Each structure stands twice: as C-alpha cells, then as structure tokens.
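What follows is a set of notes on a single structure, which appears directly below.
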Amino acid sequence: MASTHIPPRPRPQDEPKAQTPAQGAPARNPTPKGPDVPHPSRPRLPLQAPHPNAQPPTTRLHEVVHVKPPHLAAYKHLCGFTDDPHTLPPTYPHVLAFPLAMRLMSARDFPLPLLGLVHTSIDITQHHAPHPTEALQLDVHVTQLAPHRRGTEATLTTEARDTDGTLRWESHSTYLARHKAPTTRPEAPAAEPEPEPAPGTEWHLAPDLGRRYASVSGDRNPIHLHPLAARPFGFPRAIAHGMWTAARCLAEHEPTRDAGPDARLHVHVDFKAPVLLPSTVTYTPRGPAFELRAAATGRLHLTGSSAVLP
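Sequential numbering from 1 applies to the sequence shown in UniProt numbering.
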C-alpha cells in the first residue's frame with residue numbers, strides 16, 4: 001500500500017503569505033444589480049421544514065470571472081493536481097462559482113435554512129476544459145426541490161460558458177436540509193454489498209487542512225476550521241471539506257488525470273460521511289470508479305466515478 005503524507009502548513013518563512021479572498025481569489029466582474037439579485041438573507045430556524053408547496057426560487061445569479069494564476073496554482077497544489085498551465089481541474093469552476101451559490105442559498109426566496117445544509121453529491125460534465133486565461137460567464141440557479149427520507153434536498157445547477165456563450169462546464173450539486181420528514185417518505189434504498197478489499201493509497205491529513213482549503217476556496221464554514229467551532233454542530237473535531245476530498249480523489253484518478261483538454265469528462269461524487277481532521281484515509285480506484293475510506297475502521301467517506309465521454 002502506497003502512502004502519501006498531506007503535510008501541515010509550512011512556517012511563514014517557508015512560503016508566501018496566504019492571500020485573502022480579496023487578494024487571491026479569482027477576479028470578478030459582477031453584473032449590475034437587477035430584479036434577479038436576491039434581497040439580504042433573513043434568519044430561518046435550522047431543522048425547520050419548508051412550506052409543503054415550496055417551489056424552487058426563480059432567481060438566477062450571473063457573474064463574469066477571470067482566473068488569477070496564483071490562486072489556481074495554490075488550489076492545484078493543495079488538491080494534488082499537476083501544474084498544467086493550459087487547463088483547469090474539473091472541480092475548479094465549482095470554486096469560482098461558490099460565492100454565487102452562497103448568495104443564492106442565503107437569499108430571501110431560498111426556502112431552506114443555510115445553517116445545517118449538507119452537501120450530499122455533485123455531478124459534473126466538462127464539455128471542453130476551459131483555458132485558465134479565458135473569461136467565464138457563470139450562471140447559478142436552483143433546479144429542483146425534492147423530498148428526502150431525512151428532509152428536503154435542493155439541486156443547484158452551475159453553468160460556465162465562454163464569451164461566445166458556448167457551454168464549457170456544468171454541475172448539479174445536491175444539498176440536504178435535515179428535518180422531520182412526512183411519514184409517507186420513501187424507504188431507504190437497500191444497502192449494496194461491500195466490494196472485495198483492494199489495494200489503496202493512504203493519505204495522512206493534517207489538522208489544518210480545513211483552514212488551508214478555506215483560504216483557497218472561500219468556504220469558511222466553522223466546522224472545517226477548528227475543533228471548538230465544529231463541536232456545536234456535533235463534530236468532535238474539524239472536518240475536511242467534501243469538495244477537497246472529491247478534488248483530491250480526481251487528482252489521483254488515472255482516467256481523469258489522462259483526459260486531454262479537448263476530452264468530454266463526466267464526474268459523479270456522493271459524499272457519505274465526514275472526514276475528521278487529523279486522520280488517515282485510504283483512496284482506492286476501481287476502474288472508472290473510486291472510493292475513500294477511513295484507514296483504521298473502513299468507514300466509507302466518499303464514492304465517485306470519472307470517465308471520458310464519447
């Protein structure tokens with residue numbers, strides 16, 4: 001079994017000063033405010049069920065972004081992607097669109113409480129890998145609200161187009177708001193049989209991984225930053241960002257690594273259980289599929305697949 005160590009953050013004298021989002025995040029040219037821009041958020045109670053007739057909001061948020069090379073390099077380094085100057089990692093547009101997604105989910109017309117939302121899956125189609133030097137037109141909107149056996153699930157769709165309007169990349173992320181569900185909720189699917197153990201690669205995740213990823217992704221949810229901040233949410237320690245675990249797996253996944261910039265790529269990831277920090281996890285590829293488990297207990301953290309489309 002191979003072993004990879006994800007080291008703690010270097011000392012200040014060993015690396016440049018970490019940049020804040022305003023300094024190191026992608027440069028942005030937001031569109032002028034209009035009727036589709038949400039009002040400021042209003043508080044909602046966690047675990048509160050939405051209205052039975054709640055519909056997906058019609059708000060669509062748009063923004064033109066330009067990638068900053070230092071920010072992209074920091075993201076690639078932290079997630080394990082090769083430093084190819086000609087392509088973006090398949091998960092990077094999600095980082096570009098994250099501020100829009102947060103604005104959308106904290107808006108007045110979003111029917112679920114932002115506090116307590118759980119990212120349960122992401123489905124990515126890369127029609128043609130965007131080039132780091134080109135501007136991208138981002139569009140984020142909610143496409144579905146659906147009952148779930150543990151509450152209500154919202155699907156957020158993100159689209160990235162070039163300046164000619166050609167769709168280059170899109171994703172569909174599901175977010176679960178936990179609350180008491182109706183008694184008519186669908187039964188949980190039957191558990192699939194566990195696959196035979198396979199050789200994997202161990203990764204040792206440092207305690208500050210959540211803070212390091214927060215500095216490049218802009219996702220500063222307190223559950224990722226410090227044990228004291230995570231405990232009020234039921235976690236004994238800080239937990240890794242789900243999108244870091246997804247990106248790290250894709251950086252290691254051979255079919256994804258070998259896909260050229262002109263390849264059409266499809267990625268799907270299901271987030272199963274949080275990864276406590278620090279910890280040791282095992283990444284295991286299975287052809288186009290892959291999984292991430294706790295090295296000590298075998299607990300399943302993530303399953304996914306990535307394949308080049310015809």
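Backbone N, C-alpha and C fix where the C-beta goes; we use that ideal spot for every residue, glycine too.
Just so we're clear, the structure is a prediction, and the values are computed from it rather than from any experiment.
Item                                                                                                                                                   : Value
Using the C-alpha atoms, what's the distance from Ala-54 back to Pro-130?                                                                              : 36 Å
Considering only residues of the same chain and omitting the five flanking positions on each side of Ala-273, which have a CB-CB separation below 7 Å? : Arg-299, Leu-300 and His-301
Rounded to the nearest angstrom, what separates His-148 and Leu-276 at their Cα positions?                                                             : 25 Å
Give the secondary structure of Arg-103 by DSSP, where H, G and I count as helix, E and B as strand, and everything else as coil.                      : helix
Check Glu-153 in the structure and name its three-state DSSP category.                                                                                 : strand
Does Pro-285 pass the burial test, meaning 16 or more other C-beta atoms within 10 Å, or should it be called exposed?                                  : buried
When you compare the region 236-251 with the region 66-83, are there three or more beta-carbon pairs, one atom per stretch, that lie closer than 8 Å?  : yes
Looking only at C-alpha atoms, which of Pro-278, Ala-307 and Ala-295 sits nearest to Ala-289?                                                          : Ala-307
With Ala-259 and Thr-91 assumed to form a contact (beta carbons below 8 Å), what rounded beta-carbon distance in angstroms separates them?             : Actually they do not touch by this definition, with Cβ atoms about 13 Å apart.
Of the choices Thr-303, Asp-208, Ser-106 and Lys-68, whose alpha-carbon is the least far from that of Glu-291?                                         : Thr-303
Using only alpha-carbon positions, find the residue among Phe-98, Ala-101, Val-118 and Pro-89 that is nearest to Thr-125.                              : Pro-89
Using DSSP's beta-bridge definition, name the partner residues of Ile-124.                                                                             : Ser-171 and Val-267
Cβ of Gly-234 within 8 Å of Cβ of Arg-178?                                                                                                             : no
Who are the Cβ neighbours of His-226 in its own chain at under 7 Å, not counting the five residues just before and after it?                           : Ala-238
Tell me the residue span of the beta strand (DSSP E) that contains Arg-293.                                                                            : 289-294
DSSP puts Val-140 in a beta bridge; with which residues?                                                                                               : Leu-61 and Thr-158
Anyone know if the C-beta pair for Asp-109 and His-62 falls short of 8 Å?                                                                              : no
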